[in-house]
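So the sequence shown is numbered by the numbering used here: it starts at 173 and just counts up by one.
Here is the structure we will look at, set down as structure tokens.
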Amino acid sequence: MTNQGILIYAEVTREGDLASVVLELANSAQNLAAKLGGQEVSALVVTNAGDIEHVKSDLKSNGFDKVYIVQDERLAIYSTEFYSKIVIDLINEIKPEIVLIGATTQGRDLAPRISSSLNTGLTADCTSLDINEKGMLAATRPTFGGNLMATILCKNFPQMASVRPKVLKKSTFPIEKDTQFIEIKPEIDNVEKKVELVEFIKNIPSTGKRIDESEIIVAGGKGLKSADGLKLLEELANVLGGAVGASRAAVDAGWADHSIQVGQTGKTVMPKLYIACAISGAIQHTVGMNSSEKIIAINKDPKAPIFQIADIGIVGDVYEIVPELIEMLK
Ligand SMILES: Cc1cc2nc3c(=O)[nH]c(=O)nc-3n(C[C@H](O)[C@H](O)[C@H](O)COP(=O)(O)OP(=O)(O)OC[C@H]3O[C@@H](n4cnc5c(N)ncnc54)[C@H](O)[C@@H]3O)c2cc1C
Numbered sequence: 173m174t175n176q177g178i179l180i181y182a183e184v185t186r187e188g189d190l191a192s193v194v195l196e197l198a199n200s201a202q203n204l205a206a207k208l209g210g211q212e213v214s215a216l217v218v219t220n221a222g223d224i225e226h227v228k229s230d231l232k233s234n235g236f237d238k239v240y241i242v243q244d245e246r247l248a249i250y251s252t253e254f255y256s257k258i259v260i261d262l263i264n265e266i267k268p269e270i271v272l273i274g275a276t277t278q279g280r281d282l283a284p285r286i287s288s289s290l291n292t293g294l295t296a297d298c299t300s301l302d303i304n305e306k307g308m309l310a311a312t313r314p315t316f317g318g319n320l321m322a323t324i325l326c327k328n329f330p331q332m333a334s335v336r337p338k339v340l341k342k343s344t345f346p347i348e349k350d351t352q353f354i355e356i357k358p359e360i361d362n363v364e365k366k367v368e369l370v371e372f373i374k375n376i377p378s379t380g381k382r383i384d385e386s387e388i389i390v391a392g393g394k395g396l397k398s399a400d401g402l403k404l405l406e407e408l409a410n411v412l413g414g415a416v417g418a419s420r421a422a423v424d425a426g427w428a429d430h431s432i433q434v435g436q437t438g439k440t441v442m443p444k445l446y447i448a449c450a451i452s453g454a455i456q457h458t459v460g461m462n463s464s465e466k467i468i469a470i471n472k473d474p475k476a477p478i479f480q481i482a483d484i485g486i487v488g489d490v491y492e493i494v495p496e497l498i499e500m501l502k
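Below, the structure is given as structure tokens:
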């Protein structure tokens, strides 16, 4: 039997909700499935026992033909060994043509484990997905330090790709299907768990808001010259009810934690408003924020590349402009 259909790993968060990347993948999968002549799109939910009715209803209204559900109290906390065994078992049984996984912390752990066990390829951290003229998954991702985009094909089946959250768009309207929900018993009795979670410490930024969840981001770069600059941006973010982000140069300088880095090797964000302060606008930074709805750039160099993607550009010194902005907004 040849491989058929698209399977999406439907990650459930610690809070018991569907990770938003699942719905982004679901929307993209509709397009891929249509190009493959109307193949099935299915999801696999792996979770502990509990109420997952809202997860099911989100999947039902996002175009899934089938949803496989594995519920077991041993799955309350993510485990590489348990989860990968379950996903691999299902792939071996239903033989999908394409497997898509969100490039979240969990997905980044799970996806390579699955692809290496199945002896297939994985294009990680993709920014777009398509089907080429031969009906193969064409997965595009940045390469050579973000200066080139490479479209990668996978020779083996299933063809696997992971996609960063917030890169693809969710459907803006419900895609209702007569979804079939199939419950599966996990076969993990003989699986040895090699890692035990001792404690989970949530990383809460000083503004109390995470950049991947906030609708407003005030981000600072190397031009701030010191960590004090980020404190000033934090004040602006607090007035606006937003989060603080940083360029890699600011993170490398030790002024900010990597968890707030925006860009190719940081997070991809898509807020309603992104205020880039003293950030030059290198491609590796802009790939992580250029889908923001509105971009305001403050930079003292009128030729800074960030102005090419900004909706509003302010040429000037952040240390003069930002305090004035804070005063005005207050
Ligand atoms: C493989 C790879 C991955 C990378 N990943 C990332 C990534 O994820 N994210 C990322 O950000 N970068 C990344 N980079 C680094 C990237 O190439 C740039 O070096 C970096 O983004 C530059 O940061 P910056 O704009 O803060 O600093 P700079 O390029 O030094 O720019 C500072 C800017 O501040 C302006 N300025 C100076 N003083 C003031 C002032 N007082 N007021 C207003 N403006 C002022 C200057 O005019 C300048 O434009 C990566 C690079 C590589 C090779």
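Beta carbons are placed, not taken as given, at the ideal position from N, Cα and C, and that holds for glycine.
As the structure is a prediction and not an experimental result, all values here were calculated from the model.
Contact between the segment 269–279 and the segment 387–400 is absent: fewer than 3 CB-CB pairs across the two stretches fall below 8 Å. When DSSP assignments are scanned along the segment 352–390, the uninterrupted stretches of beta strand (DSSP E) that are 3 or more residues long and fall wholly within it turn out to be 352–356. Spanning the alpha carbons of C449 and G401 requires a straight line of approximately 10 Å.
Closest option to G317, judged by alpha-carbon separation, among K397, G438, K207: G438.
I498 and K394 have their C-alpha atoms spaced approximately 21 Å apart. If the five residues before and after T252 are omitted, its C-beta is found closer than 8 Å to the C-beta atoms of D281, L282, R285, K366, V367, all from its own chain and listed in chain order.
The three-state secondary structure of D302, taken from DSSP, is strand. Taking C-beta atoms under 8 Å as the contact rule, A275 and A296 qualify, at a distance of about 7 Å. The DSSP-derived three-state label of T440 is coil.
At a cut-off of 7 Å, the beta-carbon of S251 does not count as near ligand 1: no heavy atom of the ligand is closer than that.
If you compare the alpha carbons of E496, R336, I303 with that of I324, the shortest gap goes to I303. The chain-ordered list of residues whose CB is nearer than 5 Å to some heavy atom of ligand 1 reads G317, G393, K394, G395, S419, R420, A421, G435, Q436, T437, G438, A450, I451, S452, A454, Q456, H457, N471, K472, D473, A476, D489, V490. In this structure, DSSP gives V218 an extended state, which the three-state scheme calls strand.
Secondary structure of D281 (DSSP, three-state): helix.
DSSP, reduced to helix, strand and coil, places G401 within a helical segment of the structure shown. By the C-beta density criterion, M461 is buried, having at least 16 other C-beta atoms within 10 angstroms. Around the CB of V459, 16 or more other CB atoms lie within 10 Å, so the residue is classed as buried. By alpha-carbon distance to S378, the top candidate from D350, V184, S431 is S431. Note on geometry: alpha-carbon atoms of V411 and Q480 lie some 27 Å from one another.
Shortest Cα-Cα distance from E348 to any of K238, A191, G188 involves K238.
With a minimum length of 4 residues, the unbroken runs of alpha helix (DSSP H) contained wholly in the segment 184–251 fall at 192–207, 225–232.
CA-CA distance, L408 to I270, rounds to 44 Å.
With fewer than 16 neighbouring CB atoms inside 10 Å of its own CB, T174 falls in the exposed class. 8 Å or more divides the Cβ of I180 from the Cβ of A206. Taking 4 residues as the minimum length, the alpha helix (DSSP H) runs contained wholly in the segment 415–481 are 420–424, 455–458, 478–481, in order along the chain.
Sequence-distant Cβ neighbours of T440 in its own chain, meaning closer than 6 Å and more than five residues away, are R336, K338, V339, G460.
With 16 or more other Cβ atoms inside 10 Å of its own Cβ, M332 counts as buried.
Between N264 and G293, the beta carbon gap of about 17 Å keeps them out of contact (Cβ cut-off 8 Å). Look at D297 here: in three-state DSSP terms it is strand. Around L309, the same chain offers I270, Q331 as residues with beta carbons nearer than 6 Å, after the five sequence neighbours per side are excluded. Taking the Cα of K267 as reference, the smallest distance to any Cα among D429, S214, K374, L204 is reached at S214. Each residue's CA atom was taken as its position, placing D189 and S200 some 20 Å apart.
Exposure of T315 is indicated by the presence of fewer than 16 other C-beta atoms within 10 angstroms of its C-beta.
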